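S.K.: Residue numbering for the sequence shown follows my numbering, starting at 1 and increasing by one per position. Backbone N, C-alpha and C fix where the C-beta goes; we use that ideal spot for every residue, glycine too. It should be emphasised that the depicted structure is a prediction, and the values quoted were computed from it without experimental measurement. Got a structure here, written out as structure tokens. Questions coming.
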Amino acid sequence: MAQTLACLYYFLSGGAIVIGVCSIIESVCASYLISQLFEYSFLTPGNICGPAIMLLVMGLITCLIAWCIWKFVDFTNRGQVIIFSMALMIVIIINMSAGIWALIRHEQVDLLAIAHHKHVFELAVSENHTDLGNINSALWDQIHSELHCCGINGPTDYLSKDAVPWSCCVTSSLTNTTNSKGICITMYARGCQYVIINRIRSILLHIFLLALFTVLLQICFMTCMLCYERTCRERMKRRKKLITLAQSFAQASKDLGTNDNILNQQSKYSKILIT
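In structure tokens:
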């Protein structure tokens, strides 16, 4: 039993380190996903980065909690275990909320009106960018190149313009890839609207999976910590019970010895009287 408890103690100490490392990874992954979402935030509903920001903050807080557990917590102390378990429970609830929020946003991404997409596109490729800040044709060129798409619904969106931008051209189809004056044979036929939406939904799904993995890991660690504290408490109760029984047995033995001495003295006194 003692060896099992010792193994569990070292397991919990190692688990605190694992929780801390995983929380750092959670923050790094959340930061990366936030940067990915910001690239297409102008075509998505508001607060799209909210779930990832929550995971980023919770990752930093969990790292601090894990360090405190590894450094200061006595796993046999019920008060300390309950305090840190409650702190982890709050973090778990917030992470679960972030995951659920990400799923809700996953279903709401395509609810933004197509008219808004077209309005954003028209302002971006025009000379007037005051309403969109840094959203301009260069940003759309970057989106075309990265996502292999063209315009909102396809190259036909540029019919009202002078020409389709080179970013809509399939690079492998250029007759001269080193010269921008080459002839473009094939253009990307699909529009960027649904490509961007699918990309954002994929990112939100990754946010949900990140939250799910974090919650499961934290629940496992908290459960092990509570089980260890309960096992130690029951062991202490059994030890106290054994000590009490031993003391009672010793007292009974002592009383029995005292009674024997009294009987011996009485028998000796009786013999003296008889003689």
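Following a CB-centred definition, is I94 positioned closer than 7 Å to any heavy atom of the ligand NAP?
M.R.: Summarising the ligand content, the structure contains no ligands, and the ligand NAP is consequently not present.
S.K.: Ignore the nearest five residues each way along the sequence and tell me which others in F38's own chain have a CB closer than 8 Å to its CB.
M.R.: Working through the sequence shown from its first residue, we reach residue 38 at position 38. If we look at F38 and ignore the five residues flanking it on each side, its Cβ neighbours are C49.
S.K.: With DSSP as the reference, label C169 as helix, strand or coil.
M.R.: Taking the sequence shown and counting its residues from 1, one reaches residue 169 at position 169. Strand.
S.K.: Do you know how far the Cα of V91 is from the Cα of E234?
M.R.: Position 234 of the sequence shown, counted from the first residue, corresponds to residue 234. Position 91 of the sequence shown, counted from the first residue, corresponds to residue 91. Roughly 28 Å between the two C-alpha positions.
S.K.: Taking 7 Å as the limit between beta carbons, can you name the residues of its chain near G133, skipping five residues before and five after?
M.R.: Locating residue 133 in the sequence shown gives position 133, where the first residue counts as 1. Note that G133 scores a pLDDT of 48, beneath 50, so its modelled location is shaky; the value from the coordinates is reported in the next line. No residues qualify anywhere along the chain.
S.K.: Taking Cβ positions, are I196 and L43 nearer each other than 8 Å?
M.R.: Residue mapping note: residue 196 aligns to position 196 of the sequence shown, counting from 1. Residue mapping note: residue 43 aligns to position 43 of the sequence shown, counting from 1. Between I196 and L43, the C-beta spacing is below 8 Å.
S.K.: Between I200, N153, C184, V73, which has its C-alpha nearest Y228's C-alpha?
M.R.: Here residue 228 is taken as the residue at index 228 of the sequence shown, counted from 1. It is V73.
S.K.: If distances are taken between C-alpha atoms only, which option among L88, F208, L216, I243 comes closest to H106?
M.R.: Translated into positions along the sequence shown, residue 106 becomes position 106. The option with the nearest alpha carbon to H106 is F208.
S.K.: DSSP three-state call for C184: helix, strand or coil?
M.R.: Numbered from 1 along the sequence shown, position 184 holds the residue referred to as residue 184. The answer is strand: DSSP assigns C184 an E or B state.
S.K.: Below 8 Å between beta carbons: does that hold for A16 and I34?
M.R.: Residue mapping note: residue 16 aligns to position 16 of the sequence shown, counting from 1. Residue mapping note: residue 34 aligns to position 34 of the sequence shown, counting from 1. Taking 8 Å as the Cβ cut-off, A16 and I34 do not qualify as a contacting pair.
S.K.: Pull up the distance between the alpha-carbon of V28 and that of L56, whole angstroms please.
M.R.: Stepping through the sequence shown from its first residue, residue 28 is reached at position 28. Stepping through the sequence shown from its first residue, residue 56 is reached at position 56. Their Cα atoms are separated by approximately 7 Å.
S.K.: Return yes when the Cβ of L216 is within less than 8 Å of the Cβ of S85, no when it is not.
M.R.: Numbered from its first residue, the sequence shown carries residue 85 at position 85. Numbered from its first residue, the sequence shown carries residue 216 at position 216. The answer is no: Cβ separation not under 8 Å.
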